[in-house]
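**Student:** The structure that follows is given in the form of structure tokens.
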Amino acid sequence: RGMVPELAIAVLAAARIGAIHSVIFGGFSAQSIADRLQDAKAAFVITCDGAYRGNKEIPLKGVIDDALVQCPFVKRVIVLTRTRTPVSMIKGRDVWWEDEIRLVETQGSPDCPAEEMDAEDMLFILYTSGSTGKPKGVVHTVGGYMVYTNYSFVNVFQYQPGDIHFCTADIGWITGHSYIVYGPLSAGATSLLFEGVPTWPDAGRFWEIVDKYKVNILYTAPTAIRSLMGFGLEPLKNRDLSSLRVLGTVGEPINEEAWTWYDENIGKKKCPIVDTWWQTETGGILISNLAGVTPAKPTFATLPLPGVQPILVDENGKEVEGNGVSGNLCIKFPWPGMLRTTYGDHERARQNYFATYENLYFTGDGCLRDEEGNYRITGRVDDVLNVSGHRIGTAEVENAINMHTGVVESAVVGYPHDIKGQGIYAYVIFQGHQADDELTRRDITSTVSRIIGPIAKPDKIQFVTGLPKTRSGKIMRRILRKIAEGEISNLGDTSTLLDPGVVDEIKNGKL
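Residue 39 is where the sequence shown starts when you use this note's numbering, and the numbers rise one by one after that.
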């Protein structure tokens, strides 16, 4: 699907009739889409003939057709005309959105009463990467999710009636669900949808939209801010940003340089910046300053929302008390927007979120609490990467790399990236000798793109003859992470490795 008004309409229509929706990001491969459709056993698919991303047309219907070869249980595919890309329509399965709307207008009843739902009935499934290969379907329910998105939207952004709210996310991710569709609309806000990329047709696209529609609240990702910073102040010329009242960031920790640029050049030092921390699983914002009500602190999410109780614990689950400390971030008590289960596999939800530390929800994030009690997220402590604000499991990328015929084994870690926050660094053992490293790299990259989607393409691929493993065969990712980050002098104890010599070889070949 593309970022078009009909996407929000389809989501809300499903909710109205009590159908469960599962939105899939348009940049995924046919295989990734098939995996999600199979897990959810989707009966209906709604898509577009194509979608626009910058100056590119994405052939969505073609990708869906490839995915549906593996999904015979799908009864109907509804296709919206968007790009007028030629598509094949299968008789009896595929119908045009416009024809169906016309049918309802001419023959149907204009009245569609809302289905009565229990607060704990399922509202939607949203798939997210985990530390193991298979994406998991996070389940949110009607009552708690709606209450929490409304509560967090109104309070964090200090929404005033009549505000124009511009969240630049994609509805394929949780930010789009919570802060383009459900939160703003339930509060009566005007929500602005954006299709495309922030740098096309030029780097002034966001500012043109803010100026044209007199946007009051702008909610975007640090990766977009860092990308736009690179174009300097020229794209801001002749743009009136005076309508802006609140700025927000989401998806990953923001660095101080990007925070300051956002504050000075976009907010003109007059708009509070809310640095919001939350997850697909939390449904809405858990830690953030409240715009203009509680103080901001650059690079800190600051304080939990009223009712949310964070706790820092060490590796053994013992609480790290006091201020000026670090630990693994957990949440003590339930909140309305928390996930209820992972679809079709409740045990997986228990293992992932509640089994690590007794009676606590484990976020998977490391966190620092400063002397004033402000929280700063320091990054994932598990095998999940945060690339441009998107969660990508290392196991998922490794599985895709290993599908390449010449690959024997691979290990994937994150490393600091100027624009994306984290980049993907792959160490690959390749069979035999490849004549051209660069050609092989391109080949592996396109394999990952085909299996998962362009979002998961490795930024760097280093060919190695071995990986640092313990005697029990476990890959020591800590060492690989440090080499990728350039911390070669501080690798810690390597004596327990099966072959310590491998480490020197990897260090010498670092990209």
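Even glycine gets a Cβ: it sits at the ideal position worked out from N, Cα and C.
Can the beta-carbon of residue 71 be found closer than 7 Å to that of residue 48?
**Tutor:** No, they are not a contact pair.
**Student:** Quick one: Cα of residue 281 to Cα of residue 206, how far?
**Tutor:** Distance between the alpha carbons of residue 281 and residue 206 is about 17 Å.
**Student:** I'd like the ranges of any beta strand (DSSP E) spanning at least 3 consecutive residues and lying wholly in the stretch 115–153.
**Tutor:** Qualifying beta strand (DSSP E) stretches, in chain order: 132–134.
**Student:** Indicate whether residue 157 and residue 133 have their beta-carbon atoms separated by less than 7 Å.
**Tutor:** For residue 157 and residue 133, no; Cβs fall outside 7 Å.
**Student:** Please determine, among 321, 358 and 233, the residue with the shortest C-alpha to C-alpha distance to residue 366.
**Tutor:** Nearest of 321, 358 and 233 to residue 366, Cα basis: 358.
**Student:** Quick one: give me the first and last residue of the beta strand (DSSP E) that residue 201 is part of.
**Tutor:** Premise fails: residue 201 is in no beta strand (DSSP E) and is neither H nor E.
**Student:** Got a sec, what are the start and stop residues for the beta strand (DSSP E) residue 500 sits in?
**Tutor:** That run of the beta strand (DSSP E) goes 498–502.
**Student:** According to DSSP, is residue 277 part of a helix, a strand, or is it coil?
**Tutor:** Residue 277 falls in the coil class under three-state DSSP.
**Student:** Please list the terminal residues of the continuous beta strand (DSSP E) segment that includes residue 461.
**Tutor:** Where residue 461 is concerned, the enclosing beta strand (DSSP E) stretches over 459–468.
**Student:** Tell me residue 160's beta-bridge partners as DSSP assigns them.
**Tutor:** For residue 160, which the question treats as bridged, DSSP gives the partners 179.
**Student:** Who are the near neighbours of residue 187 in its chain, counting only those whose CB is closer than 6 Å to its CB and skipping five residues on each side?
**Tutor:** Closer than 6 Å at the Cβ level, and outside the excluded window around residue 187, lie 216, 220, 221 and 322.
**Student:** How far does the beta strand (DSSP E) with residue 244 in it extend, from its first residue to its last?
**Tutor:** Looking at the DSSP string, residue 244 is not in any beta strand (DSSP E); the run it does join, the alpha helix (DSSP H), is 243–251.
**Student:** Please determine if the stretch 264–281 and the stretch 298–307 are in contact, where contact requires at least 3 C-beta pairs separated by less than 8 Å.
**Tutor:** Contact between the stretch 264–281 and the stretch 298–307 is present, because at least three Cβ pairs lie under 8 Å.
**Student:** Hey, how far is the Cα of residue 242 from the Cα of residue 65?
**Tutor:** Spanning the two alpha carbons is a distance of roughly 23 Å.
**Student:** State yes or no: is the C-beta of residue 499 within less than 7 Å of the C-beta of residue 69?
**Tutor:** No, they are not a contact pair.
**Student:** Report the residue from 152, 128, 130 and 118 whose alpha carbon sits nearest the alpha carbon of residue 139.
**Tutor:** Closest option to residue 139, Cα to Cα, is 118.
**Student:** Is the beta carbon of residue 493 closer than 7 Å to that of residue 505?
**Tutor:** Not a contact, by the Cβ cut-off of 7 Å.
**Student:** Could you compute how far the alpha carbon of residue 375 sits from the alpha carbon of residue 318?
**Tutor:** Computed Cα separation, rounded: 10 Å.
**Student:** Could you say which of 256, 252, 296 and 247 lies nearest to residue 264 if we only look at CA atoms?
**Tutor:** Minimum Cα distance to residue 264 is reached at 296.
**Student:** Can you find the residues in the same chain that come closer than 6 Å, C-beta to C-beta, to residue 522, ignoring five residues on each side of it along the sequence?
**Tutor:** Hits under 6 Å: 451, 453 and 463.
**Student:** Whose CA, out of 147, 87, 141 and 50, lies closest to the CA of residue 184?
**Tutor:** Nearest C-alpha to residue 184: 50.
**Student:** Whole angstroms are fine: how far does the CA of residue 461 sit from the CA of residue 149?
**Tutor:** Going by the C-alpha atoms only, they are around 50 Å apart.
**Student:** Could you tell me which residues DSSP pairs with residue 447 in its beta bridges?
**Tutor:** Looking at the DSSP assignment, residue 447 forms a beta bridge with 467.
**Student:** Residue 81: buried (16+ other C-beta within 10 angstroms of its C-beta) or exposed?
**Tutor:** Counting Cβ neighbours within 10 Å, residue 81 comes out exposed, since fewer than 16 surround it.
**Student:** Taking C-beta to C-beta, are residue 541 and residue 501 nearer than 7 Å?
**Tutor:** In this structure, residue 501 does not lie closer than 7 Å to residue 541 by Cβ.
**Student:** Using the beta-carbon count (16 or more within 10 Å), is residue 443 buried or exposed?
**Tutor:** That one is exposed.
**Student:** Report buried or exposed for residue 54, applying the criterion of at least 16 other Cβ atoms within 10 angstroms of its Cβ.
**Tutor:** Classification for residue 54: exposed.
**Student:** Classify residue 431 as helix, strand or coil using the three-state DSSP reduction.
**Tutor:** Correct three-state label for residue 431: strand.
**Student:** Between which two residues does the beta strand (DSSP E) harbouring residue 366 extend?
**Tutor:** It spans 363–369 - the beta strand (DSSP E) in which residue 366 sits, taken as one unbroken run.
**Student:** Taking only three categories from DSSP, how would you classify residue 453?
**Tutor:** Strand.
**Student:** Can you have a look at residue 191 and say buried or exposed, based on whether 16 or more other CB atoms are within 10 angstroms of its CB?
**Tutor:** Answer is buried; the Cβ neighbour count reaches 16.
**Student:** For residue 228 versus residue 255, is the C-beta distance shorter than 7 Å?
**Tutor:** Contact: no.
**Student:** List the residues that DSSP assigns as beta-bridge partners of residue 89.
**Tutor:** In the DSSP output, where bridge partners are listed per residue, residue 89 has 96.
**Student:** Quick check on DSSP: helix, strand or coil for residue 486?
**Tutor:** Of the three classes helix, strand and coil, the one that applies to residue 486 here is helix, per DSSP.
**Student:** Contact defined as beta carbons within less than 8 Å: I believe residue 338 pairs with residue 368. What is the distance between those atoms, to the nearest angstrom?
**Tutor:** Residue 338 to residue 368, Cβ: 18 Å. No contact.
**Student:** Where residue 547 and residue 236 are concerned, what is the direct C-alpha to C-alpha distance, given to the nearest angstrom?
**Tutor:** So the two alpha carbons sit approximately 36 Å from each other.
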